[in-house]
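Peer 1:
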Amino acid sequence: MTTLLSARDLALTAARGTVYGPLNISLDAPFGVVTGSRGSGKTCLLLTAAGRMKPTNGEITVRGARGPRALRAQSAIAGFDGIDTLEEAVTVGDAVTERARWNAPWYARVRRADDVAVVRALAPAFGTLPVPAAKTMIWDLDEDTKLMLRIGLALMDAPSVLIVDGVDHVHDLRAQAAVLTRLGELAASGIGVLVSAAAFEPALYAGVGVAVTEIPVRPAPVDTTTAETTPTRSLQEELV
Numbered sequence: 086m087t088t089l090l091s092a093r094d095l096a097l098t099a100a101r102g103t104v105y106g107p108l109n110i111s112l113d114a115p116f117g118v119v120t121g122s123r124g125s126g127k128t129c130l131l132l133t134a135a136g137r138m139k140p141t142n143g144e145i146t147v148r149g150a151r152g153p154r155a156l157r158a159q160s161a162i163a164g165f166d167g168i169d170t171l172e173e174a175v176t177v178g179d180a181v182t183e184r185a186r187w188n189a190p191w192y193a194r195v196r197r198a199d200d201v202a203v204v205r206a207l208a209p210a211f212g213t214l215p216v217p218a219a220k221t222m223i224w225d226l227d228e229d230t231k232l233m234l235r236i237g238l239a240l241m242d243a244p245s246v247l248i249v250d251g252v253d254h255v256h257d258l259r260a261q262a263a264v265l266t267r268l269g270e271l272a273a274s275g276i277g278v279l280v281s282a283a284a285f286e287p288a289l290y291a292g293v294g295v296a297v298t299e300i301p302v303r304p305a306p307v308d309t310t311t312a313e314t315t316p317t318r319s320l321q322e323e324l325v
């Protein structure tokens with residue numbers, strides 16, 4: 086089995102100090118859960134694993150890929166506010182059509198997605214879960230369906246690694262467990278899955294069906310003696 090994620094002395098600093106790390110990780114399970122309180126750097130760690138953010142120190146390997154370009158090429162992300170946020174005032178069909186046109190060659194004509202096209206595009210994510218109709222407004226979707234839609238759009242990129250931020254933003258625990266179970270099915274199919282949550286709740290992962298490993302990330306201690314003298318970059322500069 087190819088190691089899903091490994092990191093050695095991985096760290097990221099920004100203008101306000103350490104964001105995360107240094108971290109040493111070896112994850113062989115197909116499903117990893119990055120946990121930590123708000124401000125612990127778990128979202129930035131996931132963006133680093135996706136090749137969207139450069140670490141300041143150390144190295145990271147995901148499914149054998151190393152370096153931002155290789156990491157980006159194999160991964161797709163969902164649930165990252167400000168990156169894949171859905172436009173609420175459009176339909177599900179519009180969202181699917183936009184992603185299909187983005188992925189298509191420039192010369193290809195992509196028709197507006199109807200119900201059949203929406204089901205075909207989103208079935209890899211939803212599985213046996215109900216797929217919303219093409220004319221459904223995104224603002225009418227429940228939290229779990231919105232997240233599954235974002236995951237479905239990400240899977241249209243045909244990634245080998247799926248990275249999902251904030252699965253616990255689905256506040257209904259039964260709905261959250263259903264999302265996690267579906268992510269487990271994706272992991273069982275061969276797609277590496279990395280998610281983040283504030284805490285690891287074993288009961289929510291009972292139906293996942295694959296080995297799940299927690300990756301705890303704790304807020305870095307503030308070093309007041311070097312905070313003003315250590316040169317750092319802003320997080321915006323770190324985005325690739």
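Per my numbering, numbering through the sequence shown is continuous, rising by one, with the last residue being 325. Yeah, the Cβ is synthetic: ideal placement off N, Cα and C, and Gly gets one too.
Are the region 271-291 and the region 237-254 touching by the rule of at least three beta carbon pairs closer than 8 Å?
Peer 2: Yes, the region 271-291 touches the region 237-254.
Peer 1: Spatial neighbours of Asp151 within its chain, please: C-beta separation below 8 Å, excluding the five flanking residues on both sides.
Peer 2: As written in the sequence, residue 151 is Arg, which differs from the Asp given in the question. The residues are Glu144, Ile145.
Peer 1: Can you check the region 131-178 for any alpha helix (DSSP H) of at least 4 residues that lies completely inside it and give the ranges in chain order?
Peer 2: You should have 153-159.
Peer 1: Give the secondary structure of Ile236 by DSSP, where H, G and I count as helix, E and B as strand, and everything else as coil.
Peer 2: Ile236: helix per DSSP, three-state reduction.
Peer 1: If you run the structure through DSSP and keep just helix, strand and coil, what is Thr298?
Peer 2: Of the three classes helix, strand and coil, the one that applies to Thr298 here is strand, per DSSP.
Peer 1: Of the choices Thr221, Leu214, Pro190, Pro209, whose alpha-carbon is the least far from that of Ala198?
Peer 2: Selected option, being the one with the closest Cα: Thr221.
Peer 1: Do you know how far the Cα of Ser160 is from the Cα of Gly124?
Peer 2: Each residue's alpha carbon lies about 24 Å from the other.
Peer 1: Would you kindly work out how many angstroms separate the C-alpha atoms of Ala158 and Glu286, rounded to a whole number?
Peer 2: Their backbone Cα atoms lie some 31 Å apart in a straight line.
Peer 1: Residues in the same chain with beta-carbon distance under 6 Å from Val181, minus the five sequence neighbours each way, listed in chain order, please.
Peer 2: Excluding positions up to five away in sequence, the list reads Ala198, Val203, Ala206.
Peer 1: Our contact map puts Ala262 next to Gly294 with C-beta atoms below 8 Å; I'd like the distance itself, whole angstroms only.
Peer 2: Wrong, their Cβ atoms sit about 12 Å apart, outside the cutoff.
Peer 1: Just the C-alpha distance for Ala288 and Arg259, rounded to the nearest angstrom, thanks.
Peer 2: Taking the straight line joining both Cα atoms gives about 10 Å.
Peer 1: What does the alpha-carbon distance come out to for the pair Ser111 and Ser91?
Peer 2: One C-alpha to the other measures close to 4 Å.
Peer 1: Who are the near neighbours of Ile223 in its chain, counting only those whose CB is closer than 8 Å to its CB and skipping five residues on each side?
Peer 2: Contacts found: Leu171, Glu172, Glu173, Ala174, Val175, Thr176, Val177, Ala180, Lys231, Leu234.
Peer 1: How is the alpha helix (DSSP H) around Thr266 delimited, first residue to last?
Peer 2: Taken as a continuous stretch (DSSP letters only), the alpha helix (DSSP H) holding Thr266 covers 258-273.
Peer 1: Would you check if the distance between the CB atom of Glu270 and the CB atom of Thr120 is smaller than 8 Å?
Peer 2: Going by C-beta atoms, Glu270 is not nearer than 8 Å to Thr120.
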